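Take a look at the structure below.
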Amino acid sequence: MEEKNDSLADLQAWMQHALVHPEDLSAAGDADRLVLPSGALSPRQRLAIYQRGYYARLVQCLEGQFKVLCSTLGPPLFQDFAGAYLRECPSVSPTLSDLGERFADYLQQTRPDRDAGEKEPWVDFMVDLARFEWDLYRVFDARGHEGKPYAAFSVPDARIGLQPCIFLREYRFPVSGYYTAVAQGKEADVPDPDRHFVAFCRKDYRIGIFTLLAPQFYFLSVLQQGAEVSVALGLTVEKFGANPEKARSAWHEWKNKWTEAGFFIDRGALSD
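Counting along the sequence shown from 1, when you hit position 216 you're at 214 in this note's numbering, and nothing is skipped either side.
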């Protein structure tokens, strides 16, 4: 065996390349120089064990981050997509929690009907489902308000603000109902396209998924930008042509439900 003069950094770079690109035969050739054989396995055979284990672990991680998508596509097809994704978009983060960050975009960019004049709705749905699951996954470790008081219903409207762990998202399909059904082990059909507005809210480390009407979504989006309730409500009335009195009445109903769910904090208390 040739003398090994490679630095640790060189060896680490080679190992990473060999794991991420097992199809590169030059990396396998270098294994004869850089890896010691065992009593039963050659250097290339020993490297192959790590290559298979590396991808198997990453695919397993993606299956955990996209459980319902995996169930919907079926494990074999999901694993094919996951393997292609990992080869095209290798992980650049030291933590596996970021592994699926680009998966939905990858599915959109490599969709089988990307060159067709008319797109297949089921592909749109799968991309939306991937986005939904990734949004939900990120809520778990997002900055939150745990350990601090949430706003009570009695807090004046002028002091109400959204807590930090509120994610407002729009999808092309009603994915939240489908996700919930499949996650609970129920049968569910792929829904027809329909604009779908969702708020993810984490309170005391428990996550709620709330389906919103378009005016509610718009109102909360304005509130999230720092506007006061009166301003957000006025802009919502203007955008949707709503009756101001009915809008104020609706706000009291929303406030009651969303306060209980932990949407709000008392901005006045934060500045005291």
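We treat Cβ as the ideally placed atom computed from N, Cα and C, and that holds for glycine.
Because the structure is a prediction, the values reported are computed rather than measured.
Could you say which of the options lies nearest to residue i if we only look at CA atoms?
| i | options | result |
| --- | --- | --- |
| residue 43 | 20, 63, 56, 14 | 20 |
| residue 167 | 157, 140, 216 | 216 |
| residue 135 | 194, 169, 257, 65 | 65 |
| residue 47 | 31, 28, 17, 61 | 17 |
| residue 200 | 235, 251, 143 | 143 |
| residue 51 | 81, 235, 114 | 81 |
| residue 147 | 159, 35, 32 | 159 |
| residue 198 | 187, 141, 185, 244 | 141 |
| residue 193 | 139, 169, 117 | 169 |
| residue 70 | 34, 108, 29, 126 | 126 |
| residue 204 | 131, 222, 254, 260 | 260 |
| residue 263 | 195, 145, 207, 244 | 145 |
| residue 196 | 207, 132, 186 | 207 |
| residue 88 | 109, 60, 113 | 60 |
| residue 181 | 68, 113, 230 | 68 |
| residue 79 | 94, 121, 229, 223 | 121 |
| residue 56 | 212, 83, 45 | 83 |
Around the C-beta of residue i, are 16 or more other C-beta atoms found within 10 angstroms, so that it is buried, or is it exposed?
| i | result |
| --- | --- |
| residue 37 | exposed |
| residue 85 | exposed |
| residue 256 | buried |
| residue 174 | buried |
| residue 149 | buried |
| residue 258 | exposed |
| residue 28 | buried |
| residue 251 | exposed |
| residue 118 | exposed |
| residue -1 | Summary for residue -1: the model assigns pLDDT 39, below 50, so the residue's position carries little reliability; its value from the coordinates is reported in the next sentence. It is exposed - the Cβ of residue -1 has fewer than 16 other Cβ atoms within 10 Å. |
| residue 33 | buried |
Measuring only the C-alpha atoms, how far is residue i from residue j?
| i | j | result |
| --- | --- | --- |
| residue 54 | residue 154 | 53 Å |
| residue 40 | residue 90 | 30 Å |
| residue 100 | residue 62 | 15 Å |
| residue 275 | residue 77 | The question about residue 275 has no answer here: the residues shown for the chain are numbered -1 through 270. |
| residue 210 | residue 179 | 18 Å |
| residue 237 | residue 72 | 42 Å |
| residue 7 | residue 104 | 30 Å |
| residue 14 | residue 58 | 19 Å |
| residue 214 | residue 225 | 15 Å |
| residue 115 | residue 218 | 36 Å |
| residue 111 | residue 12 | 36 Å |
| residue 186 | residue 177 | 9 Å |
| residue 75 | residue 184 | 21 Å |
| residue 137 | residue 4 | 43 Å |
| residue 248 | residue 223 | 21 Å |
Please report the Cβ distance between residue i and residue j, rounded to the nearest whole angstrom; I am assuming they are in contact, meaning their Cβ atoms lie under 8 Å.
| i | j | result |
| --- | --- | --- |
| residue 172 | residue 189 | 5 Å |
| residue 157 | residue 266 | 4 Å |
| residue 221 | residue 227 | 7 Å |
| residue 151 | residue 253 | 7 Å |
| residue 271 | residue 139 | This structure leaves residue 271 out entirely; the chain is present only between -1 and 270. |
Threshold first: 4 residues or longer. Then list the alpha helix (DSSP H) segments lying entirely within the stretch 38 to 79, N to C. The alpha helix (DSSP H) runs of length 4 or more contained entirely in the stretch 38 to 79 are, from start to end of the chain, 41 to 63, 65 to 71.
Could you tell me which uninterrupted beta strand (DSSP E) segments, each at least 3 residues in length, are contained entirely in the stretch 125 to 181, listed from first to last along the chain? With a minimum length of 3 residues, the continuous beta strand (DSSP E) runs that stay inside the stretch 125 to 181 are 158 to 160, 164 to 169.
Return the chain-ordered ranges of every alpha helix (DSSP H) run that is complete within the stretch 182 to 230 and spans a minimum of 4 residues. Listed in chain order, they are 212 to 222.
Threshold first: 4 residues or longer. Then list the alpha helix (DSSP H) segments lying entirely within the stretch 233 to 266, N to C. Taken in chain order, the complete alpha helix (DSSP H) segments of 4 or more residues contained in the stretch 233 to 266 are 242 to 259.
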